[in-house]
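Numbered continuously in numbering that gives the first Met the number 0, the sequence shown closes out at residue 315.
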Amino acid sequence: MDSVLELFDFSAKFDRGPELPPIPDNTFDSRVNSAVARAEDATTAGNLSRLAKALSDLRSLLGPNASFDRLSSTLSLVTRHGHREVLKYLLAENVPITADAVTAAKVAKDEWMLDLMLSSGWNIDEPLGLTTPSALALAVEDRALVSWFLERGASPNAQCSLDLTPLSIAVQFSSMSIIQSLFDYGGSVQYGQVVHYAVRRDLPDQHDVLDFILSKNPPINHIMYQEHPQSYFRQRMFGLGTQLHEAAGKGKLEMVKKLIDLGTHPLIRDSCGKIPLQRAQKAGEDSIVVYLGRITAIAEWPVHQFTNGKETTSWS
């Protein structure tokens, strides 16, 4: 082995020669990305001339009739920074209106920007996400913004894929006067699981709001999302029940009594197979356990259970 190793000169040095400069990245994607980055920087700075140059470069790369979908981030930036003239320019260039841009304008309470987006083709009832209804839902605690949306045709019943509406959110968090306004403009208890959200309300006027919602004759023996199968199967592992399940689990004895008096059935099973009494037992709500225990003992099982064949095990 030693004789073989003697054949090699381990002290030799490799001549690497001069280092070559890096090869510039002139690929199509890199040039497009560079133009988009310059457009974003110009938008943030509110610099129209730099923005116009970046868009001109993009058009040269993508073609005169190319879509500017790649620039959707600029609308979010311009609404956050309040550059109105830049927003006007971007919309004139047909940069698509995004949920982020609408949200930013709402957060800024910039009705001018919202009006401009509306006149530029924004659908005021478009969901802002898979589980987020329209922009009105983000404004339901602001009297002035609610009025702005309603006067421009926003629907209190606009749904997202999870059957949540602006009215759903309002009955849990908004003032009574705003809730009434939403009904004045077409709000309905047939959408958005409204009674469930009214039961979840924890504000001092929660009983008044629930009474108001119940006066609209909503279904009171339906499982949450019973009329919205996609939402039911997506959420059933959380134990979807009636409004009575909600009230029992939250320890709201007066609401439990009210719902029982109105005819809510105490033996309807939730999506995990539990009745309201079991929900109260699990939550340690002793007063409700006593009350529902008496009611349940003399009740007859309903002929039909919506959850039969649709039950699942709880996630916890």
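Every residue gets a Cβ at the ideal spot worked out from N, C-alpha and C, and that includes glycine.
C-beta atoms of residue i and residue j nearer than 8 Å
i, j, result
"A41", "R49", "yes"
"L202", "I222", "no"
"D124", "A100", "no"
"V288", "Q280", "yes"
"G316", "I219", "Limits of the chain in this structure are 0 at one end and 315 at the other, which puts residue 316 out of reach."
"V94", "L57", "no"
"A98", "L70", "no"
"H264", "P228", "no"
"E310", "C271", "yes"
"T312", "D269", "no"
Residue i at chain B interface by Cβ criterion, 8 Å
i, result
"A143", "The structure shown contains no chain B; it is built from a single protein chain."
Beta-carbon contacts of residue i that lie in its chain and below 6 Å, excluding the five residues immediately before and after
i, result
"I22", "Caution applies to I22, whose pLDDT of 48 falls short of 50 and renders its modelled position unreliable; the value that the coordinates give is listed next. Same-chain partners within the cutoff: there are none."
"G186", "P155 and L166"
"I168", "A136 and V139"
"L161", "T130 and S230"
"L213", "none"
"W147", "E110"
"D8", "Because the pLDDT at D8 is just 48, under 50, the model does not fix this residue reliably, and the value given afterwards should be weighed accordingly. Cβ neighbours of D8 beyond the five flanking positions: none."
"H303", "none"
"A51", "none"
"I188", "According to the sequence as given, residue 188 is Val; it is not Ile. These residues qualify, in order along the chain: K215 and P217."
"V255", "A246, A247 and I287"
"V106", "none"
Inter-residue CB distance, residue i and residue j (contact presumed, cutoff 8 Å)
i, j, result
"S75", "A103", "6 Å"
"T164", "Q158", "6 Å"
"T241", "I267", "5 Å"
"I96", "G120", "7 Å"
"K108", "L61", "About 35 Å separates the two Cβ atoms, so there is no contact after all."
"S286", "L258", "S286 to L258, Cβ: 15 Å. No contact."
Beta-carbon proximity list for residue i, same chain, < 7 Å, skipping 5 on both sides
i, result
"N216", "none"
"A53", "A34, R37, A38 and A41"
"R79", "A103"
"M112", "T78, R83, L86 and A104"
"G250", "A282, E284 and I287"
"T73", "A38, E39, T42, L89 and V94"
"D260", "none"
"R142", "I177"
Residue i CB to nearest heavy atom of the ligand HEM below 7 Å
i, result
"P301", "Among the ligands in the structure shown, none appear at all, so the ligand HEM cannot be discussed."
Neighbourhood of residue i by C-beta, 8 Å cutoff - its chain only, sequence neighbours within 5 removed
i, result
"E299", "L266"
"G292", "L276"
"I297", "none"
"R200", "V170, Q171, F172, V208 and L209"
"A65", "L57 and R58"
With three or more beta-carbon pairs closer than 8 Å as the criterion, would you say the region 193-205 touches the region 237-250? yes
Would you say the region 276-289 touches the region 224-234, given that touching needs at least three Cβ pairs under 8 Å? No contact exists between the region 276-289 and the region 224-234.
Do the region 201-220 and the region 170-187 meet, that is, are 3 or more Cβ pairs less than 8 Å apart? yes
Within 8 Å, do at least three Cβ pairs link the region 77-95 to the region 113-131? yes
Every unbroken beta strand (DSSP E) inside the region 53-99 [3 residues or more]: Runs found: none.
Entirely within the region 157-182 and at least 3 residues each: give me those beta strand (DSSP E) ranges in chain order. none
Every unbroken alpha helix (DSSP H) inside the region 223-289 [4 residues or more]: 228-234, 242-248, 252-260 and 275-282
Taking only runs that begin and end inside the region 125-160, name each unbroken alpha helix (DSSP H) of 4 or more residues, in chain order. For the region 125-160, whole alpha helix (DSSP H) runs of length 4 or above, ordered along the chain, are 142-150.
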